[in-house]
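**Q** I'd like to ask some things about the structure below.
Residue numbers (the numbering used here), protein chains in the order written: chain A, 122 to 310; chain B, 8 to 82.
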């Protein structure tokens with residue numbers, strides 16, 4: 122069960138109407154390494170992972186939904202009152218034809234989200250290595266979006282999200298350390 | 008001295024059509040070096056931590072666009 126807190130994990134401020142940036146940001150919404158993929162990947166893998174790291178996958182998977190919500194807010198604000206002309210000029214003409222200004226789970230190229238983006242191999246190491254890779258790829262995606270964005274307010278929120286990816290990667294790496302730790306080893310305190 | 012931003016100098020052909028980028032950079036954040044987090048690392052205050060995105064100072068690695076060069080931006 123989840124408890125919803127009606128606020129964002131980190132404030133999202135957008136200083137300019139910039140549908141073009143929304144087109145790039147949607148990669149983190151419905152892209153292969155986006156927050157939706159991350160949340161669903163972790164929350165699904167956790168059922169078949171050793172007990173010691175289930176809680177980690179639950180926590181991080183849950184946080185990814187908080188990130189998804191932040192990305193949604195950014196995209197929404199960037200396109201909220203954009204006219205069809207502005208959408209067309211930003212390369213979102215096809216999106217507008219299909220969705221008006223609504224958000225949709227698709228990547229920056231307009232390809233709809235698919236479950237093939239995520240994997241659950243059932244092998245704890247294979248799954249955790251996938252998770253580490255996903256965090257590093259999401260971190261890189263944030264970097265490339267920051268490189269393309271001149272919205273300093275938005276970049277501030279993106280930097281926060283990138284920092285969280287680093288921490289998540291760290292925790293998954295620690296999970297691997299826990300799982301590969303020698304069993305029955307004598308511990309001296 | 009340690010930096011979380013590494014650089015390399017790619018080969019540049021005399022026939023490259025685009026203006027060459029002489030120095031390429033990539034990010035190597037602190038989590039790559041830490042292994043299992045050691046105890047008693049220095050912490051941010053709770054309010055600072057909420058802004059930074061981490062409680063732990065050694066994990067803090069803000070990213071700034073090389074094209075942006077904003078306040079406090081490390082390159």
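Where is the CB? At the ideal position from N, CA and C, for every residue including glycine.
What residues from chain A crowd round residue 45 of chain B, counting only those whose CB sits closer than 8 angstroms?
**A** For the purposes of this step, residue 45 of chain B is taken as the residue at position 38 of the second chain. In chain order: nothing, as chain A lies at least about 11 angstroms away.
**Q** Is DSSP giving residue 140 of chain A helix, strand or coil here?
**A** In the first chain, the residue the question calls residue 140 of chain A occupies position 19. Note: residue 140 of chain A maps to helix in three-state DSSP.
**Q** Please list, in chain order, the chain A residues whose beta carbon lies closer than 7 angstroms to that of residue 34 of chain B.
**A** If you number the second chain from 1, residue 34 of chain B lands on position 27. By Cβ distance, chain A contributes 264.
**Q** Counting only Cβ pairs nearer than 8 angstroms, list the residues of chain B close to residue 298 of chain A.
**A** The residue you call residue 298 of chain A lines up with position 177 of the first chain. Ordered by position in chain B, the residues that pass the 8 angstroms Cβ test against residue 298 of chain A are 42, 43.
**Q** Under three-state DSSP, which class holds residue 18 of chain B?
**A** Within the second chain, residue 18 of chain B is the residue found at index 11, counting from 1. DSSP places residue 18 of chain B in coil when its eight states are reduced to three.
**Q** In three-state terms, what does DSSP make of residue 31 of chain B?
**A** The count along the second chain starts at 1 and reaches residue 31 of chain B at position 24. Three-state result, residue 31 of chain B: strand.
**Q** Residues bridged to residue 233 of chain A by DSSP?
**A** On the first chain, residue 233 of chain A is found 112 positions in, with the first residue counted as 1. Answer is A:227, bridged to residue 233 of chain A.
**Q** Are residue 225 of chain A and residue 288 of chain A close, meaning C-beta to C-beta below 9 angstroms?
**A** Looking up residue 225 of chain A in the first chain gives position 104. Looking up residue 288 of chain A in the first chain gives position 167. No, these two residues do not count as a Cβ contact at 9 angstroms.
**Q** Taking the alpha-carbon positions, what's the residue 199 of chain A to residue 307 of chain A distance?
**A** By one-based count along the first chain, residue 199 of chain A stands at place 78. By one-based count along the first chain, residue 307 of chain A stands at place 186. If you take the alpha carbons of residue 199 of chain A and residue 307 of chain A, they lie about 57 angstroms apart.
**Q** According to DSSP, is residue 12 of chain B helix, strand or coil?
**A** Counted from its first residue, the second chain places residue 12 of chain B at position 5. It is a strand residue.
**Q** Our contact map puts residue 278 of chain A next to residue 253 of chain A with C-beta atoms below 8 angstroms; I'd like the distance itself, whole angstroms only.
**A** Here residue 278 of chain A refers to the residue found at position 157 when the first chain is read from its first residue. Here residue 253 of chain A refers to the residue found at position 132 when the first chain is read from its first residue. The Cβ separation is near 24 angstroms, so there is no contact.
**Q** Using the beta-carbon of each residue, which ones in chain B are nearer than 8 angstroms to residue 167 of chain A?
**A** Sequence index remark: in the first chain, residue 167 of chain A carries index 46 (1-based). By Cβ distance, chain B contributes nothing, its closest Cβ being about 21 angstroms from residue 167 of chain A, past 8 angstroms.
**Q** Report yes or no: do three or more beta-carbon pairs, one from the stretch 297-306 of chain A and one from the stretch 48-56 of chain B, lie closer than 8 angstroms?
**A** As far as the Cβ criterion goes, the stretch 297-306 of chain A does not touch the stretch 48-56 of chain B, which means the pair count is below three.
**Q** Would DSSP call residue 63 of chain B helix, strand or coil?
**A** Within the second chain, numbered from 1, the residue matching residue 63 of chain B stands at position 56. Reduced to three states, the DSSP call for residue 63 of chain B is strand.
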